[in-house]
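Student: Mapping of the sequence shown onto mature numbering (1 follows the signal peptide of the UniProt record, and there is no 0): residues -28 to -1, 1 to 83, in sequence order. By construction, the Cβ of each residue, glycine as well, lies at the ideal position given by its N, Cα and C atoms. What follows is a single structure, and I will ask about it in a moment.
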Amino acid sequence: MVVTGQHRSTTLLTKLLTLSCMAGCTSAYAHQLFVSVPCKDAFLYTTVIRAMAKSNLPEDALHSYSLMLGSGLAPSSFTLTASIKACADLAMLFVGRAVHSHAVTRGFRSD
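Structural data, given as structure tokens:
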């Protein structure tokens, strides 16, 4: 990817991040890939949050969620679901309630 100039492609890096996190990559490697993306969008943040939450990296998932909110991007229902899963994995009821409150204030409802 670096040789061909594709290392700045958000789409390719999103796929690489997903695959590497699912394969049990270290959080340092995932962080390095994530930082290398110049313009992070909501889809990239959601991909990272979901992959880390599924890969037993809940602290990193919640940190990424916090960065996403700080950057002014709006989370999707997929982002919120993964963030709540990370809270549950860490038994962080207070943070889980905050994520749920954020979902309600953004207009998300249960089906």
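Between the Cα of A46 and the Cα atoms of Q4, R78, T(-11), I21, which residue gives the shortest distance?
Tutor: The residue labelled residue 46 in the question sits at position 74 within the sequence shown. For A46, the nearest C-alpha among the options comes from R78.
Student: R68 by DSSP, collapsed to three states: which one?
Tutor: Here residue 68 refers to the residue found at position 96 of the sequence shown. Contrary to the premise, residue 68 reads as Gly rather than Arg in this sequence. If DSSP states are grouped into helix, strand and coil, G68 belongs with the helices.
Student: For my contact list, L5 and L(-13) are in at a C-beta cut-off of 8 Å; report their separation, rounded to the angstrom.
Tutor: Here residue 5 refers to the residue found at position 33 when the sequence shown is read from its first residue. Here residue -13 refers to the residue found at position 16 when the sequence shown is read from its first residue. Confirmed, about 6 Å.
Student: Please state if the CB of D32 and the CB of M24 are separated by a distance shorter than 8 Å.
Tutor: For the purposes of this step, residue 24 is taken as residue 52 along the sequence shown, with counting starting at 1. For the purposes of this step, residue 32 is taken as residue 60 along the sequence shown, with counting starting at 1. Yes. Within cutoff.
Student: In whole angstroms, what separates the C-alpha of T18 from that of F50?
Tutor: Taking the sequence shown and counting its residues from 1, one reaches residue 18 at position 46. Taking the sequence shown and counting its residues from 1, one reaches residue 50 at position 78. Roughly 7 Å separates the two Cα atoms.
Student: Using a threshold of 8 Å, state whether the C-beta atoms of I21 and S36 are closer than that.
Tutor: On the sequence shown, residue 21 is found 49 positions in, with the first residue counted as 1. On the sequence shown, residue 36 is found 64 positions in, with the first residue counted as 1. Contact flag set, yes.
Student: Taking the Cβ atom as the reference point for each residue, do P30 and L62 lie within a distance shorter than 8 Å?
Tutor: The residue you call residue 30 lines up with position 58 of the sequence shown. The residue you call residue 62 lines up with position 90 of the sequence shown. Yes; because the gap between Cβ atoms is below 8 Å, this pair is in contact.
Student: In chain order, what residues of the same chain have a beta carbon less than 6 Å from the beta carbon of M64, not counting five sequence neighbours either side?
Tutor: Locating residue 64 in the sequence shown gives position 92, counting from the first residue. For M64, where only same-chain residues beyond five positions count, there are no Cβ hits under 6 Å.
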